[in-house]
Every structure is written in C-alpha cells, then in structure tokens.
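Participant: So that we are looking at the same thing, I have put the structure below in structure tokens.
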Amino acid sequence: MEFSLLTRLVKLDLSKDYYFDGIPRIQIENPNLVTLFHNLSGLTELYLDGVNISANGHEWGQAISSSLPNLRVLSLSGCLLSGPIDSSLQNLQYLSEINLAQNNFSSPVPDFLANFPNLTVLTMQQIWLSRNQFSEISEFLPNKSMSTLDTLDLSQNKLRGPIPSYFFDFQSLSYLSLSFNNFSGTVQLESIHRLQNLTLLELSHNSLLVNASISYSSLSSFPQLQWLGLASCKLQKFPPLMNQSLFYLDLSNNQISGVIPNWIWNIGNGSLNNFNLSCNLLVGLQRGYVIPPLQVLVLHSNQLCDNKLSGPIPPSICNGSNLDVLNLSNNRFSGTIPPCLIGTGVVTIRVLNLQNNNLTGNITGTFPKCCALRTLDLSENLLEGHVPKSLANCANAEVLNLGINNIYGTFPCFLANLSRLRVLVLRSNKFQGNISCRGIHNNIWPNLQIIDLALNNFSGILPPKFFLQRKGMMDGTNAKSGNKGLWGAPLTPCCKEVEPTTPTVDGRQSNTDEDGIN
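If you read the sequence shown in full-length UniProt numbering, its first letter stands for residue 1, the second for the next number, and so on.
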C-alpha cells in the first residue's frame, strides 16, 4: 500500500479502530514505512493507532523523521513499537502532539521528547516506563520548560518517587493524568490552584497522600475542572468541591468518614453523572438530602446506616433519569426496594447491584418491556415472594443473581426467552418442585455458563439434556447440593469440550471501572 501520488496530503489516519460513516477503515499489518511515507513530505498529521508496526526504534524513527519533516501530530499508540526511541525524531521541530501510548519501550526515554518548542500534547500511557533506568519521573522531564504543554498522560507506568512540584507550574496544562503508578509522598491539593486551565486531574491508585485541607476559595477558581480522580489517595475528608462543574468524581477507596454532606449532591449543578464513593468509612447521609440525576452512582462497601439513614433506599435515587449503573452493594440498607427502580429505573439502568444489604419484602413493581438490564444482583438480602414474571421483559439480561434470600416458587421457566443469560444464581432460597420446563425446548439459555441452584427444595430428576448442552458448564453437582429431592446420574459430557473462560459476574467491581459491564 502506498500513497505516493497524494503529494498534497496533509493528514493520514489509518488507525485500526477508526470508522468513517460506519465503514471500517483499511486494515494494514506490518507496513513498510519507507514505502508508505514516500512522497508525503507535506504531511502534518499521522495517525496509525492500533496498527501492528512491530518495528524497533531506529527503524520507525528514521522512516518518520526522514520522510515527514513537517509533521505536527504523531500518534502511534498500540503499535507494538519497541525502543530505543531514535534521536532522529528530534529533527521534527514542528511536533506539537506526541502519542506513543501502549507500546513497549524498555530502553531509556530520551530527554528531547520534552524539549519540542511547540509541544502541547505528550501521551506516554502504559509504555513500561518502569523498565527504564530511572525511578523518578524528573529524569526525562527535567524542568518546567514545557510552557506550552496542554496534555500530559503518564498513567499506568509504575513510576516511583514524588511527583515533581514543577508539574503544577505548567500553567497551560488542562489534562494531567498520573494514575496507576507508584508515586509516593504528599500532594497538597491546594497546589493545583496554579493550574487555572485544568479540566482533568487524575491521581488515583498511587501510594500518595493527598492533603485536602484546602480553603473553598482555592478551588472555587476552577470553573473548568470537569474530571477529578482521587481514588486510593488516603483522603480523610471531603475536598471542598462546591460549585464545581464536575461530571466525573472518584473518591473511592479512601479513609473518608462520617456522613455524606448535602452539598456533595449539588456538585456540578446537574452536570455530575459519574460519582464513586465506594470503599470508605461513611456511615450515613446528612438529613435533607436529595440525590440528583446521575448516570453512574457507586456507594458500595460503606456503612450507610445509623440513626440518620433508616428505612428503605431513598426514592430520590430514581431521579437519575440517565442512570446507567447503580451499585449500592455491601451496605446496610433496609426496607423494600423502591418500586420506581424496578419500573422506570430499569428503562436506563443496565447494572443494578443491591447485593449484601438488609432489604426485605417482595420484589415489587413491574419490569417494563423496554427493560435495559444486563445485570441484576439482589443476592444476600432478606427478600421474599415470587420472582416477578415481568422480569422476562429484560431480554438483554446476562447476569441474574437472586441467591441467599427467602424467595419461593417454582423454577422460573418463564425466563426461557432470556437467550443472553450467562449466569443464573438461585441458591439458598425456598424454591421447590421440578426444574424441567415442560413444553420448552431443552436448549434454553444457550449462553449459560454458571448456574447455582443449591440449598433449595427442588425435587425430581435432574435432566441431563438441560445441562449437557451448556458449553460453559463443568458438571451438575452444584445443582443437586442441598436439594435432597433431586436425583439422577452424575452429569458427564458426551464429548470433550475446551473449557471456556469463566465469565466475570457483571456488577461486581474489581477494577478502575465501576460499571460492571464487560
């Protein structure tokens, strides 16, 4: 493939995941860069993100620097590039944007990357910087000469040492991401007041201690701040974020104690749509709270119960007209599930996780025909009654966990239409009767990989065909466990199958992302 006849071309984008009007772009593998760039000396923007180049530093560096002298944007993320980064690249003095993320540079990163006079964007995310011959970031960003820098992303590199204080002197900086490293020391949140153009600050998941003892006035001058990530930063109090225009706020996995103040729900003045307070020491909500519309609300692994939070989950939780993920697991919420969550709520909610609370009563409300649920986890509560037949309206459901409750009734054959179901957990309830579904084809739930029916009152024959057609299943012993009325030969597959990967149960957060969707 060559573009040598396009001598006036100024932008070339062959990125693997780039689509134009829904049509996938040309897919290329291991291109000959010299041939590809021949006669393109006027090119100013080059995007090859996700293209398998698999070239060493000298090869790709020389090909670019010798053929594209006017280059301003160089974006080569995820190209399987290796080091060392060739010194010839320093001849590209017009460069303003450099994106080398998700490559494997196991050799030293040269100083000249930080010395381009017009540099505004430097993205070095996940390039294995920890394998370099330095332990502190200042060795390849040696000074504050980058006065034009707008974006700096060094996340996911396992960098160590303190964050250089001069980072907070880059007055043009609007995007600073240093998350998922091993930075240590103390960061005074007040120091960011010098970054007047800041829209994103991500310091999550380091070994930092962020001191939030800061006056309200110091943060009130940040009308542009939209994204603040301070997860795992040893915070002991809420930063004063009143009147901020945030749409993303992550304060999870800290040491914040006490009650959630009322003003926290006013952050963003309606613009906040992703809020994570999970894994703190919170014990309640200040009286008079009204939870605003949100897209993602995560409050799991707190202790949100005391005399200031009694009774059911607040009905105002349903104000989230665009709510996509609601995770209230591992708390002590009591009372019944608000009917609005089952009704209007699941029109937009894809993940509803209320696991491990003290919820009681029936599952009230009607799941609408436009139900968007992919994950429903109501396990480890005190719920009773029957499984609502309207749950069959949630045709996109992949995970259904009702385990460890007091739910009764017969096997839910009325859910046979949930063809995407991968996980079904009914263990430790009061279900009874036969588990076969008369009049329904044996191959219901063709994607089912996990089924747990243990510790119920099921009886009758355990039908082999019901389980043996599940490619993801190992055996049926867990279905018979605790169901004394079930009998039948051990389930042995007819032929040897390759073991599938055990699926992650949606809604159980185990990473950066709290949405529980794969």
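Glycine included, every Cβ here is placed at the ideal spot set by N, Cα and C.
(1) Specify, as a first and last residue, the run of the alpha helix (DSSP H) that PRO339 falls within.
(2) Taking 7 Å as the line, does the beta carbon of ILE291 fall inside it for any heavy atom of the ligand GDP?
(3) Per DSSP, VAL109 forms a beta bridge with which residues?
(4) Tell me the DSSP bridge mates of VAL399?
(5) In the DSSP assignment, find the beta strand (DSSP E) that holds TRP227 and state where it starts and stops.
(6) Would you call the CB atoms of ILE291 and ILE317 closer than 8 Å?
(7) What are the start and end residues of the beta strand (DSSP E) that includes ILE98?
(8) On the three-state DSSP scale, how would you describe ARG160?
(9) Taking DSSP as the reference, what is the three-state secondary structure of ASN46?
(10) Could you check what DSSP says for SER184 in three-state terms: helix, strand or coil?
(11) With respect to the beta strand (DSSP E) encompassing ILE451, which residues constitute its N-terminal and C-terminal limits?
(12) Apart from the five residues just before and just after SER155, which ones in its own chain have a Cβ nearer than 8 Å to its Cβ?
(13) Quick one: give me the first and last residue of the alpha helix (DSSP H) that SER316 is part of.
(14) Less than 6 Å between C-beta atoms, sequence neighbours within five positions excluded: which residues of the same chain meet that for THR477?
(15) What does DSSP give as the partner residues of GLY433 in its beta bridges?
(16) Between the C-alpha atoms of ARG327 and LEU225, what's the straight-line distance to the nearest angstrom?
(17) Mind the definition here: the region 404-412 touches the region 364-374 only if three or more C-beta pairs lie below 8 Å; say whether that holds.
(18) So is ASP111 buried or exposed if we call it buried at 16+ other beta carbons inside 10 Å?
(19) Report all residues from its chain with a CB closer than 8 Å to the CB of ASP49; omit the five preceding and five following residues, and keep chain order.
(20) Note down, in chain order, each residue of its chain lying with its Cβ closer than 7 Å to the Cβ of LEU173, except the 5 sequence neighbours on either side.
(21) Any idea what DSSP makes of LYS11, helix, strand or coil?
(22) So, does the region 385-398 touch the region 351-360, judging by three or more C-beta pairs under 8 Å?
(23) State the Cα-Cα distance for the pair ARG427 and SER329, rounded to the nearest angstrom.
(24) Could you check where the alpha helix (DSSP H) with GLU59 kicks off and where it finishes?
(25) Counting along the chain, where does the beta strand (DSSP E) carrying THR336 start and finish?
(26) Within its chain, find whatever has a CB closer than 6 Å to the CB of LEU209; leave out the 5 residues flanking it on each side and keep chain order.
(27) Take LEU402 as the anchor and find which of SER96, LEU378, PHE183, SER278 has the nearest alpha-carbon.
(28) I'd like to know whether the C-beta atoms of SER213 and GLY229 end up nearer to each other than 8 Å.
(29) Measure the alpha-carbon distance for residue 529 versus PRO240 and round it to whole angstroms.
(30) Which same chain residues, not among the five before or five after GLN355, have their C-beta less than 6 Å away from its C-beta?
(31) For ASN206, count neighbouring C-beta atoms within 10 Å of its own C-beta (all shown protein chains included) and say buried if the count is 16 or more, exposed if not.
(32) Beta-carbon within less than 6 Å of GLY460's beta-carbon, same chain only, minus the 5 sequence neighbours each way: which residues are those?
(33) Express the C-alpha separation of ARG332 and GLN295 in angstroms, rounding to a whole number.
(34) With a CB to CB cut of under 8 Å and the five nearest residues on each side skipped, what residues in its chain are close to ILE517?
(35) Which residues in the same chain have their Cβ closer than 8 Å to the Cβ of THR336, if we skip the five residues on either side of it in sequence?
(36) If you draw a straight line from the alpha carbon of TRP487 to that of LEU400, how long is it in whole angstroms?
Facilitator: Judging by the given coordinates:
(1) Looking at the DSSP string, the run of the alpha helix (DSSP H) that includes PRO339 is 339-342.
(2) No copy of the ligand GDP appears in this structure; indeed no ligand is present at all.
(3) DSSP lists no beta-bridge partner residue for VAL109.
(4) Looking at the DSSP assignment, VAL399 forms a beta bridge with THR375, VAL423.
(5) First-last of the beta strand (DSSP E) with TRP227: 227-229.
(6) In this structure, ILE291 places its C-beta atom within 8 Å of the C-beta atom of ILE317.
(7) Element bounds for ILE98: 97-99.
(8) The answer is strand: DSSP assigns ARG160 an E or B state.
(9) A small correction: the amino acid at residue 46 is Leu; Asn does not occupy that position in the sequence shown. For LEU46, the secondary structure class from DSSP, reduced to helix, strand or coil, is strand.
(10) Strand, per DSSP.
(11) Start and end: 450-452.
(12) If we look at SER155 and ignore the five residues flanking it on each side, its Cβ neighbours are GLN125, GLN126, SER177, LEU178, SER179, PHE180, ASN181, GLU202.
(13) From DSSP, SER316 is part of no alpha helix (DSSP H); its letter is neither H nor E.
(14) Residue placement at THR477 cannot be trusted, given a pLDDT of 47 that sits under 50; what the coordinates show is reported in the next sentence. Excluding positions up to five away in sequence, the list is empty.
(15) PHE458.
(16) One detail in the question is off: residue 327 reads as Asn in this sequence, not Arg. Cα-Cα distance, rounded: 25 Å.
(17) By the C-beta criterion, the region 404-412 is judged not to be in contact with the region 364-374, since fewer than 3 inter-stretch pairs fall below 8 Å.
(18) So ASP111 counts as exposed.
(19) Apart from the 5 residues on each side of it in sequence, ASP49 sits with its Cβ closer than 8 Å to the Cβ of SER15, LYS16, ASP17, TYR18, SER75, LEU76, SER77, GLY78, CYS79, ASN99 in its chain, given in chain order.
(20) Excluding positions up to five away in sequence, the list reads LEU149, ASP150, LEU152, LEU195, ASN197, LEU198.
(21) In the structure shown, LYS11 falls within a strand segment according to DSSP collapsed to helix, strand and coil.
(22) No contact exists between the region 385-398 and the region 351-360.
(23) Roughly 18 Å between the two C-alpha positions.
(24) Counting along the chain, the unbroken alpha helix (DSSP H) around GLU59 starts and ends at 57-67.
(25) Looking at the DSSP string, THR336 is not in any beta strand (DSSP E), and its letter there is neither H nor E.
(26) Around LEU209: THR186, LYS234.
(27) Ranking the options by Cα distance to LEU402, first place goes to LEU378.
(28) Contact flag unset, no.
(29) The shown model of the chain, from 1 to 518, leaves out residue 529, and the question about it has no answer.
(30) These residues qualify, in order along the chain: SER329, ASP377, SER379, GLU380.
(31) Around the Cβ of ASN206, a 10 Å sphere holds 16 or more other Cβ atoms; the residue is buried.
(32) Sequence-distant partners of GLY460 (beyond 5 residues in either direction) whose C-beta falls short of 6 Å from its own C-beta, in its chain, are ASN434.
(33) Distance between the alpha carbons of GLN295 and ARG332: 23 Å.
(34) Because the pLDDT at ILE517 is just 36, under 50, the model does not fix this residue reliably, and the point stays unresolved.
(35) The answer, listed in chain order, is PRO312, LEU359, THR360, GLY361, ASN362, THR364.
(36) Below a pLDDT of 50, predicted positions are generally treated as unreliable, and TRP487, at 48, falls in that range; the measurement from the model is reported next regardless. Rounded to whole angstroms, the separation of the alpha carbons of LEU400 and TRP487 is 25 Å.
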